[in-house]
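For the record, in the sequence shown the residue sitting at position 42 is 42 according to the working numbering, with numbers rising by one throughout. Cβ coordinates follow ideal geometry from the N, Cα and C atoms, glycine included. Scroll down for the structure; my scribbles are underneath it.
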Amino acid sequence: MSNQRKLILHLGCHKTGTSAIQGALYKSRALLSDQGFTLFCKNPDGTERVSGDALTWVRFRFCPHRRVHGLVRPGFAEALAASEGNVIASAETLSWIFDPKEIHQLAENLYQHFDSVRLVSYVRRQDEQAVSHYQQAAKHSGFIASRYFGTGNRALPEYGEHLQHYLNYSCRLGYWADAFGQSNVSIRVFDPRKLVGADAVADFFELTGLPWNGKSERKNESRGLVFTKTARLLSQGRLDYTSWKDLMQHIPDSQPMLPSRKSAREFYEHFREGNLLLNEKFKISKDTTLFTEDFSKYPESDMDCWDEDSANAALEALIKGFLSANPVSSPDIEVIRRAANAIQPLDPSLSYDLINVANSLGGIRPDLKIEAGFRSRVRSFLRKRPLFPWGR
Numbered sequence: 001m002s003n004q005r006k007l008i009l010h011l012g013c014h015k016t017g018t019s020a021i022q023g024a025l026y027k028s029r030a031l032l033s034d035q036g037f038t039l040f041c042k043n044p045d046g047t048e049r050v051s052g053d054a055l056t057w058v059r060f061r062f063c064p065h066r067r068v069h070g071l072v073r074p075g076f077a078e079a080l081a082a083s084e085g086n087v088i089a090s091a092e093t094l095s096w097i098f099d100p101k102e103i104h105q106l107a108e109n110l111y112q113h114f115d116s117v118r119l120v121s122y123v124r125r126q127d128e129q130a131v132s133h134y135q136q137a138a139k140h141s142g143f144i145a146s147r148y149f150g151t152g153n154r155a156l157p158e159y160g161e162h163l164q165h166y167l168n169y170s171c172r173l174g175y176w177a178d179a180f181g182q183s184n185v186s187i188r189v190f191d192p193r194k195l196v197g198a199d200a201v202a203d204f205f206e207l208t209g210l211p212w213n214g215k216s217e218r219k220n221e222s223r224g225l226v227f228t229k230t231a232r233l234l235s236q237g238r239l240d241y242t243s244w245k246d247l248m249q250h251i252p253d254s255q256p257m258l259p260s261r262k263s264a265r266e267f268y269e270h271f272r273e274g275n276l277l278l279n280e281k282f283k284i285s286k287d288t289t290l291f292t293e294d295f296s297k298y299p300e301s302d303m304d305c306w307d308e309d310s311a312n313a314a315l316e317a318l319i320k321g322f323l324s325a326n327p328v329s330s331p332d333i334e335v336i337r338r339a340a341n342a343i344q345p346l347d348p349s350l351s352y353d354l355i356n357v358a359n360s361l362g363g364i365r366p367d368l369k370i371e372a373g374f375r376s377r378v379r380s381f382l383r384k385r386p387l388f389p390w391g392r
């Protein structure tokens with residue numbers, strides 16, 4: 001081992017500009033190399049990740065009390081050490097590790113190869129974090145987030161004690177501080193008012209003292225209510241990724257999907273005490289509460305339910321997706337068939353409309369024909385479901 005080898009490990013969290021930071025690191029590899037740093041962005045099989053991250057080095061198990069449990073893959077420390085010179089790596093999946101023993105073992109392994117290890121993490125006010133992360137779970141690739149936060153179709157997940165494992169930053173980041181030393185953990189608040197240049201990427205490079213190309217790209221931004229709710233319905237219906245992607249590219253942006261001010265505040269209160277403890281320990285923010293407690297950006301009432309306009313926008317976009325191929329081929333018909341089957345238990349009204357589209361195009365399987373009494377059952381279902389006001 002060379003003298004005074006350094007490792008900078010960026011832990012995330014999710015939805016705090018992490019993808020943008022990773023992209024900037026990847027584009028700045030030459031500048032980093034000039035300063036003696038190598039960006040580690042490889043998969044366990046040794047292939048390069050052009051996204052600039054190392055997130056595949058965490059695997060997952062599922063259990064009742066945590067729902068999601070992250071584990072470091074064997075060989076992570078050795079793979080980092082095989083890189084030349086000092087090393088920097090970024091993996092938001094490290095934020096899914098909730099077991100202090102797992103973190104202590106990682107620290108022990110890393111200190112066998114590096115003289116100093118610095119950890120960097122960004123934290124976001126819990127209501128904002130949950131709204132953003134929960135909506136990411138709607139995407140076809142958001143399986144882990146969906147497993148953890150649940151599969152409801154509102155702006156905020158339903159609170160449960162398991163959420164403390166991720167969103168109680170005092171506890172979760174405290175494990176890392178215990179394993180690596182508090183002085184080696186840098187925590188920043190993800191809030192434009194508190195970031196260098198109001199930008200997470202600029203802030204990260206200023207904090208670490210590393211060079212970069214000065215270009216920041218925003219990634220993974222929310223697409224609004226229509227996209228999120230439609231994506232979640234199709235994802236829950238187990239539609240295959242190709243079909244999901246083909247359909248979702250037609251869904252328009254729309255108004256944000258937001259909880260009410262009251263709902264956001266009540267959700268946040270579950271974590272406020274932990275924020276006070278974290279700030280007292282790490283002296284992160286001038287706000288004693290760690291985060292600015294301004295909830296004025298939220299509406300007075302929940303903005304996360306279908307109405308006539310948003311439902312029509314979703315339906316029109318899906319039909320446009322089905323009809324985009326001209327002429328319609330058998331595989332396209334099959335996509336409609338699978339979509340109709342997939343979402344029928346979740347949204348009978350939309351399933352009904354898709355079946356009609358498929359029938360009008362022909363070639364649909366006979367068992368998807370509208371059976372006697374189905375229309376009346378749909379109407380009965382809608383009358384009992386408050387998310388669809390026209391069904392009452």
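Residue j beta carbon less than 8 Å from that of residue i
{"i": "Ala179", "j": "His104", "result": "yes"}
{"i": "His250", "j": "Lys320", "result": "yes"}
{"i": "Phe114", "j": "Arg272", "result": "no"}
{"i": "Phe205", "j": "Arg124", "result": "no"}
{"i": "Phe40", "j": "Leu80", "result": "yes"}
{"i": "Phe60", "j": "Val68", "result": "yes"}
{"i": "Leu233", "j": "Ser254", "result": "no"}
{"i": "Gly12", "j": "Glu92", "result": "yes"}
{"i": "Ala340", "j": "Leu354", "result": "yes"}
{"i": "Ala358", "j": "Arg337", "result": "yes"}
{"i": "Asp45", "j": "Ala155", "result": "no"}
{"i": "Phe267", "j": "Arg147", "result": "no"}
{"i": "Glu161", "j": "Gly152", "result": "no"}
{"i": "Ala145", "j": "Thr230", "result": "no"}
{"i": "Arg265", "j": "His165", "result": "no"}
{"i": "Lys194", "j": "Ser285", "result": "yes"}
Backbone CA spacing between residue i and residue j [nearest angstrom]
{"i": "Val201", "j": "Leu9", "result": "15 Å"}
{"i": "Leu7", "j": "Tyr111", "result": "10 Å"}
{"i": "Val335", "j": "Ser243", "result": "6 Å"}
{"i": "Ala198", "j": "Ala130", "result": "21 Å"}
{"i": "Glu316", "j": "Gly17", "result": "33 Å"}
{"i": "Ile88", "j": "Phe291", "result": "28 Å"}
{"i": "Ser186", "j": "Leu119", "result": "6 Å"}
{"i": "Gln136", "j": "Pro74", "result": "28 Å"}
{"i": "Phe227", "j": "Arg188", "result": "31 Å"}
{"i": "Ser90", "j": "Ser121", "result": "10 Å"}
{"i": "Asp58", "j": "Glu78", "result": "Looking at the sequence itself, residue 58 is Val, so the reference to Asp does not match. Roughly 14 Å between the two C-alpha positions."}
{"i": "Gln35", "j": "Leu207", "result": "15 Å"}
{"i": "Phe98", "j": "Ser183", "result": "21 Å"}
{"i": "Pro192", "j": "Pro345", "result": "41 Å"}
{"i": "Ser95", "j": "Asn3", "result": "30 Å"}
{"i": "Asn356", "j": "Leu167", "result": "44 Å"}
{"i": "Ala325", "j": "Asp302", "result": "Its pLDDT being 47, under 50, Ala325 is placed unreliably by the model, and the measurement read from it follows with that caveat. Rounded to whole angstroms, Ala325 to Asp302 spans 37 Å at the Cα level."}
{"i": "Ser132", "j": "Pro256", "result": "11 Å"}
{"i": "Met248", "j": "Ser216", "result": "26 Å"}
{"i": "Glu108", "j": "Glu84", "result": "20 Å"}
{"i": "Ala394", "j": "Arg223", "result": "Since the first and last residues shown for the chain are 1 and 392, residue 394 lies out of range."}
{"i": "Lys27", "j": "Asp203", "result": "17 Å"}
DSSP three-state assignment for residue i, whether helix, strand or coil
{"i": "Asn326", "result": "Because Asn326 sits at a pLDDT of 47, beneath the cut-off of 50, its placement in the model cannot be relied upon, and the following sentence gives the value as read from the coordinates. Note: Asn326 maps to coil in three-state DSSP."}
{"i": "Val123", "result": "strand"}
{"i": "Phe271", "result": "coil"}
{"i": "Phe60", "result": "strand"}
{"i": "Phe295", "result": "coil"}
{"i": "Leu39", "result": "strand"}
{"i": "Lys286", "result": "coil"}
{"i": "Arg377", "result": "Interpretation of Arg377 is limited by its pLDDT of 47, a score under 50 that renders its predicted location unreliable; the figure taken from the coordinates is listed afterwards. Three-state DSSP puts Arg377 in a helix."}
{"i": "Val50", "result": "coil"}
{"i": "Ser116", "result": "strand"}
{"i": "Ser186", "result": "strand"}
{"i": "Leu71", "result": "strand"}
{"i": "Trp96", "result": "helix"}
{"i": "Ala339", "result": "helix"}
{"i": "Leu31", "result": "helix"}
{"i": "His165", "result": "helix"}
Opposing strand residues paired with residue i [DSSP bridges]
{"i": "Glu108", "result": "Paired residue(s): none; Glu108 is not in a bridge."}
{"i": "Met303", "result": "Leu258"}
{"i": "Thr18", "result": "Partner(s): none; Thr18 has no beta bridge."}
{"i": "Glu217", "result": "DSSP, once it has assigned bridges, lists no residue as partnering Glu217."}
{"i": "Val87", "result": "Leu7 and Thr38"}
{"i": "Gly12", "result": "Ser121"}
Residue-chain proximity (residue i, chain D), Cβ-Cβ < 8 Å
{"i": "Pro64", "result": "Absent here is chain D; the protein component of the structure consists of one chain."}
Check: residue i C-beta below 7 Å from any heavy atom of the ligand PLP
{"i": "Pro100", "result": "Questions concerning the ligand PLP fall outside what the structure shown contains, since it holds no ligand whatsoever."}
Any contact between the segment 294-305 and the segment 255-262? By contact I mean 3 or more CB pairs, one from each, below 8 Å.
Segments in contact, yes.
Does the segment 199-215 touch the segment 31-44, meaning 3 or more C-beta pairs lie closer than 8 Å?
Contact between the segment 31-44 and the segment 199-215 is present: 3 or more CB-CB pairs across the two stretches fall below 8 Å.
Is it a yes or a no for the segment 11-28 touching the segment 50-63, going by three-plus beta-carbon pairs under 8 Å?
Flag = yes, the segment 11-28 and the segment 50-63 touch.
Assess contact between the segment 275-282 and the segment 166-177, defined as three or more Cβ pairs (one per stretch) separated by less than 8 Å. Is contact present?
Segments in contact, yes.
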